[in-house]
Amino acid sequence: TRPVLFSTFLMWVLADLFQALPEVGDIDKPKLIFIFDEAHLLFTDASKAFLNQVEQTVKLIRSKGVGVFFCTQLPTDIPNAVLSQLGARIQHALRAFTPDDQKALSKTVRTYPKTKHYDLEEVLTSLGTGEAIVTVLSEKGAPTPVAWTRIRPPRSLMDTIGEDAIAAAARASMLASKYLDTIDRESAYEKLTAKMADGEGVDAGIDLPTLPTELPEAEVPRDAGEPSLADQVLGNSAVKGFLRSAASSAGREFSRSLFGTGRRRRR
Numbered sequence: 439t440r441p442v443l444f445s446t447f448l449m450w451v452l453a454d455l456f457q458a459l460p461e462v463g464d465i466d467k468p469k470l471i472f473i474f475d476e477a478h479l480l481f482t483d484a485s486k487a488f489l490n491q492v493e494q495t496v497k498l499i500r501s502k503g504v505g506v507f508f509c510t511q512l513p514t515d516i517p518n519a520v521l522s523q524l525g526a527r528i529q530h531a532l533r534a535f536t537p538d539d540q541k542a543l544s545k546t547v548r549t550y551p552k553t554k555h556y557d558l559e560e561v562l563t564s565l566g567t568g569e570a571i572v573t574v575l576s577e578k579g580a581p582t583p584v585a586w587t588r589i590r591p592p593r594s595l596m597d598t599i600g601e602d603a604i605a606a607a608a609r610a611s612m613l614a615s616k617y618l619d620t621i622d623r624e625s626a627y628e629k630l631t632a633k634m635a636d637g638e639g640v641d642a643g644i645d646l647p648t649l650p651t652e653l654p655e656a657e658v659p660r661d662a663g664e665p666s667l668a669d670q671v672l673g674n675s676a677v678k679g680f681l682r683s684a685a686s687s688a689g690r691e692f693s694r695s696l697f698g699t700g701r702r703r704r705r
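Under our numbering, residues 439 to 705 are what the sequence shown spells out, in order.
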């Protein structure tokens, strides 16, 4: 629903991968492919800094084993600096019904390698369904001659393959010999449970200590209502008065030593 936002996010992911992936050089097949559909939305009103970043990423990302495809109706929708970094070109039919369409067709033809076999302006307007003009990079890195090509439809299935196909793929896997058959091994818990059920393990020849038959008598707690000796002493009225007087005297002496006040003398 938001192609501009999504395309910008993909470019950010691509730039982040460029910083993280190791160098792999020129490999036969890319490890990862990014396809930007409606690529003209990515470059519409784009800043110069953004275009420079896209050009640098597209130029250097192939050494990381990553391929980038821009899908758009006209090659002129892609900036020249980015377009010059794209090695594979697949162009479907173009229709020139207006003067502007004719100008776009002429510009598109000039972006392809020259060929003596085709009149590209005529070919691009007469391509049928499933046909395209294709040029790629050779093993030496040079563009191949333009070829009028019939595109083979994908042989993959977009529907669910079904349980039979899944089972056939599982049986043909190299891991089938190890993981296809489920093995339910007897666990230690099951073994111990079986021994206890059979009565084994009760008498295994181990001398266990004899449990005492008579337990020592437990100490009878004192009645909570009977006061202890300390409670009786502290509860005495004379002792309470002595402690109260001692506490008052100690408090006065402490305050005098703290604030530096002496006793008042009687006149």
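In this text, a Cβ means the ideal position worked out from N, Cα and C, and glycines have one as well.
Residue i classed as buried or exposed, judged by whether at least 16 other C-beta atoms fall within 10 angstroms
i, result
"MET596", "exposed"
"PRO460", "exposed"
"THR631", "exposed"
"PRO513", "buried"
"ILE599", "exposed"
"VAL561", "buried"
"LEU443", "exposed"
"ILE621", "exposed"
"LEU558", "buried"
"THR546", "buried"
"THR495", "buried"
Nearest neighbour of residue i, chosen from the options [CA to CA]
i, options, result
"LEU618", "GLY679, ALA605, ALA626, TRP450", "ALA605"
"MET449", "GLN523, ASP464, GLU493, LYS467", "GLU493"
"LEU532", "GLN523, MET612, THR510, LYS486", "THR510"
"PRO581", "TYR556, THR549, ILE465", "THR549"
"GLY579", "GLY525, VAL547, VAL520", "GLY525"
"ILE589", "SER675, GLY566, GLN491", "GLY566"
"PHE456", "LYS545, GLN491, LEU479, ILE465", "GLN491"
Simplified DSSP state of residue i, which is helix, strand or coil
i, result
"GLY579", "coil"
"THR767", "The chain is shown from 439 up to 705; residue 767 falls before or after that span and cannot be answered."
"ARG533", "coil"
"ALA526", "coil"
"GLU569", "strand"
"THR514", "helix"
"VAL462", "coil"
"LYS467", "coil"
"LEU618", "coil"
"GLU414", "This structure cannot settle anything about residue 414, because the visible part of the chain is limited to 439 through 705."
"ILE599", "coil"
"ALA487", "helix"
Residues bridged to residue i (per DSSP)
i, result
"ILE473", "PHE507"
"THR631", "Answer by DSSP bridge pairing: none, since THR631 is not bridged."
"TRP586", "ILE571"
Beta-carbon proximity of residue i to residue j, cut-off 8 Å
i, j, result
"PHE474", "SER501", "no"
"THR573", "PRO551", "yes"
"VAL506", "LYS469", "no"
"ILE516", "ALA570", "no"
"PHE393", "ALA477", "The chain is shown from 439 up to 705; residue 393 falls before or after that span and cannot be answered."
"THR553", "ALA534", "no"
"LEU452", "PHE481", "no"
"LYS486", "GLN523", "no"
Neighbour flag for residue i against chain D, beta carbons, 8 Å
i, result
"ALA635", "The structure shown contains no chain D, having only a single protein chain."
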